[in-house]
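Asks: Okay, handing you the structure first.
There are 2 protein chains.
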Amino acid sequence: MPLWFRRHRNYDEDNSWACGNWFEFLLVVSLAIVLLVGSLVLVLFWVMQYREGFAWTENPAKEFNLHPVLMVAGFITFSGFSMLLYRIGRCCRRIYVKLFHTIFHALAVPCVVVGFIAVLDYHNLSQPPIRNFYSLHSWMGFVTMGLFALQFVVGFFSFLILLCCENATAGCRASLVPIHATFGILTFMLAVATCLTGLTEKAVFSLGNYYSYMMDEAIVINALAMTLVGSAIVMGYFLLREGFRYSGHILVSVQSEM
Amino acid sequence: MPLWFRRHRNYDEDNSWACGNWFEFLLVVSLAIVLLVGSLVLVLFWVMQYREGFAWTENPAKEFNLHPVLMVAGFITFSGFSMLLYRIGRCCRRIYVKLFHTIFHALAVPCVVVGFIAVLDYHNLSQPPIRNFYSLHSWMGFVTMGLFALQFVVGFFSFLILLCCENATAGCRASLVPIHATFGILTFMLAVATCLTGLTEKAVFSLGNYYSYMMDEAIVINALAMTLVGSAIVMGYFLLREGFRYSGHILVSVQSEM
């Protein structure tokens, strides 16, 4: 294979698959996409249909509605797609895969920040004000945001370092990969668990005893929860499946004018 | 090394570690043990100190208290120890490791069954009765129990088959291992998430608006939740860390009288 071709695509034998593997891969990826997009669609439907949509500080109750939508968008859909893309991009150049992985995670940042401001505003502007950071949901949110920020900073700097001095840092970056991947999966799982405690809180606070009568809204909330649980299972299976991992090669760029 | 010695212990070079690895391994294992036992101690302390301890059907409110304690004992402490043991037993014969893995999971079964009966009794015997299976916590509980049962049955039969016809089933059992391990980790994560939604429900239903005043009980519930989150992170790191995995060899028994 000519060198110019090899430098753009990796069609090496180690990573080639049988037909059955491709079928499983495509099935799991499709299911993951449906569940990740489905979570966002369901949370939007819930908020628009049963919680009267969005507003900013002029209506704190409606401003709160930004919180679940943006947190699901940031922590589940964008982060999920980012991790999915990292595994899907098997035959693309790794630098592009890493670039899109970073971009999707970067898209999650404003969602998380605005989602966090929305719930703070809702608490502080309500009459009487609601206390902040007392529930286990908020404590879990702190741990999740902390892990996400740490992962983002480590990932971003190792990616920047890659752009500046690729060869000199290859060993260091390679040793970071499994730790970054493990904590990435754990952050996603924790984000799902935090969403589920938040949904429980909202369902019990808003619906109270009516929750047990399984009205439409209760079914939508539970369906959203099940979609999140499904995302965690499918993404976990996809990310932990040995065969789906790209058996990485450290790319050493060839400095020639060929 | 004489054969009689090799048949009892595996001191092969592939699985020998440097001092730093042992330090990390022991640190993570110690932390995991503290968190797994800590969860059980905290849930027991919460129930005995703030929820008036246990009873059976004569007092449904106290019977409910069996539910969180037994579910944490079964799904977190016993299951966690079972998975921990599977990784810790690096230099023991694999058959003994598998036996203890099965025994610890088997200990979880009566806990889960009695914990499930306790919450059903509490709902049905309360005046007026509380409806069953409406909350997202109960739906998640079903998924977790289903996955746990599936994993137990698959694990148990592959272990039984191992005892009956070791060599003939080696390939089949080896291909099951990564799937069993992945779903084992996912079941543990889902169990933690289910516990967290259950704690949120109980905190909001029992403490109501007082939850936000951070009384002693609220702090104990949140501390228990954080211990569960810590267990998920530490167990996840421990189980996903490539270096901690035993790079398994399929044991083929030697049929000789040596």
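Respectively, the protein sequence lines represent chains G and V. The numbering of the first sequence is the UniProt record's numbering, which starts it at 1 and goes up by one. The numbering of the second sequence is the UniProt record's numbering, which starts it at 1 and goes up by one. Quick reminder that beta carbons are idealized off the backbone N, C-alpha and C, glycines included. Small disclaimer: the values here were computed from a predicted structure and weren't measured.
Is there a Cβ from chain V that is less than 7 Å from the Cβ of Leu136 (chain G)?
Replies: yes
Asks: Evaluate Phe238 (chain G) with the Cβ neighbour count: other Cβ atoms within 10 Å of its Cβ, from every protein chain shown; 16 or more gives buried, anything less gives exposed.
Replies: buried
Asks: Run through DSSP, which three-state label would Arg131 (chain G) get?
Replies: Shown here, Arg131 (chain G) sits in coil according to DSSP, grouped into three states, outside any helix or strand.
Asks: From Tyr50 (chain G) to Glu217 (chain G), what distance separates their C-alpha atoms?
Replies: 7 Å
Asks: Leaving out five residues on either side along the sequence, give the residues of the same chain with a beta carbon under 8 Å from the beta carbon of Val220 (chain G).
Replies: Excluding residues within five positions, the ones whose Cβ falls inside 8 Å are Leu42, Phe45, Trp46, Gln49, Tyr50.
Asks: Distance, Cα to Cα, Val97 (chain G) vs Leu199 (chain V)?
Replies: 40 Å
Asks: Rounding to the nearest angstrom, what Cα-Cα distance links Glu52 (chain V) and Ser135 (chain V) in this structure?
Replies: 25 Å
Asks: Using a Cβ-Cβ distance cut-off of 7 Å, determine whether Leu66 (chain V) contacts chain G.
Replies: Judged by the 7 Å Cβ criterion, Leu66 (chain V) is not in contact with chain G.
Asks: Measuring straight from C-alpha to C-alpha, what distance separates Ala32 (chain V) and Ala223 (chain V)?
Replies: 16 Å
Asks: Helix, strand or coil for Arg245 (chain G), going by three-state DSSP, please let me know.
Replies: Here DSSP, grouped into helix, strand and coil, assigns Arg245 (chain G) to coil.
Asks: Per DSSP, what kind of secondary structure is Asn124 (chain V) in: helix, strand or coil?
Replies: Three-state result, Asn124 (chain V): helix.
Asks: Listing by chain order, which chain V residues have their CB less than 7 Å from the CB of Arg131 (chain G)?
Replies: Ser212
Asks: Taking the alpha carbon of Arg173 (chain V) as the reference point, which residue from V:Ile185, V:Gly155, V:Phe183 has its own alpha carbon closest?
Replies: V:Gly155
Asks: Using a Cβ-Cβ distance cut-off of 7 Å, determine whether Tyr237 (chain V) contacts chain G.
Replies: Taking a beta-carbon distance threshold of 7 Å, Tyr237 (chain V) counts as an interface residue toward chain G.
Asks: Could you compute how far the alpha carbon of Thr77 (chain G) sits from the alpha carbon of Ser231 (chain G)?
Replies: If you take the alpha carbons of Thr77 (chain G) and Ser231 (chain G), they lie about 10 Å apart.
Asks: At which residues does the alpha helix (DSSP H) containing Trp56 (chain G) begin and terminate?
Replies: Segment: none, Trp56 (chain G) is in no alpha helix (DSSP H) and carries neither H nor E.
Asks: Please compile the residues from chain V whose C-beta is within a distance smaller than 9 Å of the C-beta of Trp46 (chain G).
Replies: Under the 9 Å cutoff, chain V gives no residues; its nearest Cβ is about 12 Å from Trp46 (chain G).
Asks: Comparing the C-beta of Trp139 (chain G) with each C-beta of chain V, is any distance below 7 Å?
Replies: Yes, because at least one Cβ of chain V sits closer than 7 Å to the Cβ of Trp139 (chain G).
Asks: Comparing C-alpha positions only, which one of V:Ser212, V:Met214, V:Leu228, V:Pro178 sits nearest to Arg241 (chain G)?
Replies: V:Pro178
Asks: List, in chain order, every chain V residue whose beta-carbon is nearer than 8 Å to that of Ile185 (chain G).
Replies: At a beta-carbon threshold of 8 Å, the residues of chain V lying near Ile185 (chain G) are Gly236, Leu240, ordered along the chain.
Asks: Is there a Cβ of chain G sitting closer than 7 Å to that of Val204 (chain V), yes or no?
Replies: yes
Asks: Select from the region 216-233 of chain G all residues with a C-beta closer than 8 Å to any C-beta belonging to chain V, and list them in chain order.
Replies: Ala218, Ile221, Asn222, Ala225, Met226, Val229, Ala232, Ile233
Asks: What span of residues does the alpha helix (DSSP H) with Ile179 (chain G) cover, start to end?
Replies: 170-207
Asks: Would you identify the three-state DSSP class for Ala18 (chain V), choosing helix, strand or coil?
Replies: coil
Asks: In chain order, which continuous runs of the beta strand (DSSP E) of length 3 or greater are located wholly inside the region 37-116 of chain V?
Replies: If one requires a minimum length of 3 residues, no beta strand (DSSP E) run lies completely within the region 37-116 of chain V.
Asks: Please list, in chain order, all residues of the same chain as Ser126 (chain V) whose beta carbon is under 6 Å from its beta carbon, the five residues on each side excluded.
Replies: Within the same chain, and ignoring the five residues on either side of Ser126 (chain V) in sequence, the residues whose Cβ sits closer than 6 Å to its Cβ are Pro60.
Asks: Quick one: residues in its chain with C-beta nearer than 6 Å to the C-beta of Trp137 (chain G), no 5 flanking neighbours on either side, listed in chain order?
Replies: A small fix is needed here, since residue 137 (chain G) is His in this sequence, not Trp. Thr197, Gly198, Glu201.
Asks: DSSP three-state label for Met215 (chain G), please.
Replies: Correct three-state label for Met215 (chain G): coil.
Asks: Leaving out five residues before and five after Phe75 (chain G) in sequence, what residues of the same chain have Cβ atoms less than 6 Å from its Cβ?
Replies: Apart from the 5 residues on each side of it in sequence, Phe75 (chain G) sits with its Cβ closer than 6 Å to the Cβ of Ala191 in its chain, given in chain order.
Asks: What separation, rounded to the nearest whole angstrom, lies between the Cα atoms of residue 314 (chain G) and Ile88 (chain G)?
Replies: This structure cannot speak to residue 314 (chain G), because chain G is shown only from 1 to 258.
Asks: What three-state label does DSSP hand Cys164 (chain G) in the structure shown?
Replies: helix
Asks: Within the same chain, show all residues whose beta-carbon is closer than 8 Å to that of Ser39 (chain V), passing over the 5 residues directly before and after it, in chain order.
Replies: Val72, Ile76, Thr77, Leu224, Thr227, Leu228, Ser231
Asks: Is any beta-carbon of chain G found at less than 7 Å from that of Val41 (chain V)?
Replies: no
Asks: Relative to the C-alpha of Gln151 (chain G), which candidate in G:Thr169, G:Thr187, G:Trp139 has its C-alpha closest?
Replies: G:Thr187
Asks: Given a threshold of 16 other Cβ atoms within 10 Å of its Cβ, counted over all protein chains shown, does Ala168 (chain V) qualify as buried or as exposed?
Replies: exposed
Asks: Looking only at C-alpha atoms, which of G:Leu26, G:Gly20, G:Met189 sits nearest to Arg90 (chain G)?
Replies: G:Leu26
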